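The numbering of the sequence shown is our numbering, which starts it at 8 and goes up by one.
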Amino acid sequence: MFLRKLNLANFKNYEQLDLELSRKINCFVGDNGTGKTNLLDAIHYLSLSKSFFNAIDTQNIMHSMDFFTIQGEYERNGSKENILCGVRKNKRKQFKRNNKEYQRLSEHIGLIPVVMISPADSSLIIEGSDERRKFINGVISQYDIEYLDSLMKYNRALVQRNILLKDFARSGFFNKEYIEIWDAQLIPLGRLIHERRLEFAAKLQPIFQEYYNSIAEGKEQVELIYTSQLAEGDFKDLLERSLEKDRILQYTTVGIHKDDLIMNIGGFPIKRNGSQGQQKTFLVALKFAKFDFIKQLNGFTPILLLDDIFDKFDRKRVKQIIKLVSDPHFGQIFITDTNPERIGSILTDLSIEHKVFKVENGKITESHG
8 MFLRKLNLAN FKNYEQLDLE LSRKINCFVG DNGTGKTNLL DAIHYLSLSK SFFNAIDTQN
68 IMHSMDFFTI QGEYERNGSK ENILCGVRKN KRKQFKRNNK EYQRLSEHIG LIPVVMISPA
128 DSSLIIEGSD ERRKFINGVI SQYDIEYLDS LMKYNRALVQ RNILLKDFAR SGFFNKEYIE
188 IWDAQLIPLG RLIHERRLEF AAKLQPIFQE YYNSIAEGKE QVELIYTSQL AEGDFKDLLE
248 RSLEKDRILQ YTTVGIHKDD LIMNIGGFPI KRNGSQGQQK TFLVALKFAK FDFIKQLNGF
308 TPILLLDDIF DKFDRKRVKQ IIKLVSDPHF GQIFITDTNP ERIGSILTDL SIEHKVFKVE
368 NGKITESHG
């Protein structure tokens, strides 16, 4: 699978753009703030129906305009796929496949798998467990529709249970049967989600370790440890035991919405014990493992987006990563970088099919050496 053509209208800093792309590596080079990352975000939109960086769709419309459109022409299993995303102020987002609009955006997830690696990934290490749950969900949802559907239903039921707990506290009235209505929905959904996450974490660890060693060219032990309250007992029992606490705090204190993915290097948290270089290598290896996982279980090779990941890496490490992704195991790659000479010389040295585009304030020209 690969993206053949990309068309943008009024998307972020691009008033109008038409690009024909390489099947293998596409590099967008230029200074910071010129719009390189916006191109990768447009590709992310076409895969997951949302921005990687900004959850509010209308904020991605070009200043003073009323709408944006993103169109992509893909080749998938030898046939052409046309995907269109359109956002207009005060209107419902449109998302179409081959001119037919989706009724639910979740129907599109998994059709065109994608993996983005970005400096924003540092939040996986430095922020709270919510970011790591988003990572887990973002992987499994691209190959397991039942998981995605269960997750959305779980979150809706959780919101309603929390509203009920607040209503009870405010009114002074309590009826356990009302709580049990939402528990009956949460319990089977939570069990399924927990099981799928357990399977995912067990399979991810060895792939992740192998990629880390390949990039770092070392033998440091890194590990991902999935933790969940559901490992401590049956979800039904956990909800019953925590009910009094939930009533006092006015929210649900147990469940898969409290899960975490512990990240260690040498047996200690990488957040406190990893150098900047180790943390960056950790995150790149983690995303490459995500790529492998989706490819294996989705059945299609994801598009890989590498946004400014070479900053603070020396030339040797950059070449090692590009050599790794140039392998036929990986499909189409999109790279942003501020150093055109470095990236160009590495691609030439490795004799990889590629295109290099120079980006300057919403204008793009293809570089021919």
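Backbone N, C-alpha and C fix where the C-beta goes; we use that ideal spot for every residue, glycine too. On a predicted model such as this, the values are computed, not experimentally measured, just so you know.
- Exclusion of the five residues before and after D151 leaves R203, L304 as the residues of its chain whose Cβ lies within less than 8 Å of its Cβ.
- Of the other Cβ atoms in all chains shown, fewer than 16 fall within 10 Å of the Cβ of F275; this residue is therefore exposed.
- When only Cα atoms are considered, Q216 and Q23 end up about 43 Å apart.
- Considering only S235, I188, L245, the residue with the shortest C-alpha distance to S136 is S235.
- Assignment of beta-bridge partners to T288 by DSSP yields no partner.
- Residue environment: R168 is assigned as buried (16 or more neighbouring CB atoms within 10 Å of its CB, all protein chains considered).
- S86 has R83 as its beta-bridge partners, per DSSP.
- If only complete runs of 3 or more residues are kept, the segment 31-64 shows the beta strand (DSSP E) at 32-36, in order along the chain.
- A check of alpha carbon separations from V122 across I301, D344, K362 identifies I301 as the nearest.
- Counting other Cβ atoms within 10 Å of its Cβ, P309 reaches 16 or more and is therefore classed as buried.
- Straight-line measurement puts the Cα of E367 at about 8 Å from the Cα of G42.
- Here the segment 105-112 makes no contact with the segment 129-144; the two share fewer than three CB pairs at distances below 8 Å.
- Rounded to the nearest angstrom, the Cβ distance from A127 to F60 is 7 Å, consistent with a contact under 8 Å.
- The segment 263-280 makes no contact with the segment 72-82; the number of CB pairs closer than 8 Å stays below 3.
- The segment 241-248 makes no contact with the segment 322-330; the number of CB pairs closer than 8 Å stays below 3.
- The alpha-carbon of I272 is positioned some 15 Å away from that of S221.
- By the Cβ neighbour-count rule, P120 is buried, with 16 or more other Cβ atoms within 10 Å of its own.
- When C-alpha distances from D38 are compared across E348, Q339, F9, the shortest belongs to E348.
- Taking a cut-off of 8 Å on C-beta distances, the segment 223-230 touches the segment 280-292, as three or more cross pairs fall below it.
- L10 and L357 have their C-alpha atoms some 22 Å from each other.
- In this structure, N20 and G369 form a Cβ contact; the two beta carbons are roughly 4 Å apart against a cut-off of 8 Å.
- Taking a 10 Å sphere around the C-beta of G179, we find fewer than 16 other C-beta atoms and assign the residue as exposed.
- Residue environment: N97 is assigned as exposed (fewer than 16 neighbouring CB atoms within 10 Å of its CB, all protein chains considered).
- In terms of Cα proximity to T76, the closest of I50, M8, R139 is I50.
- Pairing A296 with L211 gives a Cβ-Cβ distance under 7 Å.
- It is roughly 41 Å from the alpha-carbon of I68 to the alpha-carbon of A209.
- Here V36 is actually not in contact with V332; their C-beta atoms are around 17 Å apart, not less than 8 Å.
- The beta carbon of Y52 is closer than 7 Å to those of S58, I77, C92 in its chain, skipping five residues each way along the sequence.
- When the five nearest sequence neighbours on each side are left out, the beta carbons in the same chain lying within less than 7 Å of the beta carbon of M72 are those of N17, in order along the chain.
- Straight through space, the alpha carbons of F317 and K31 are spaced by roughly 19 Å.
- When DSSP states are grouped into helix, strand and coil, H361 belongs to the strand group.
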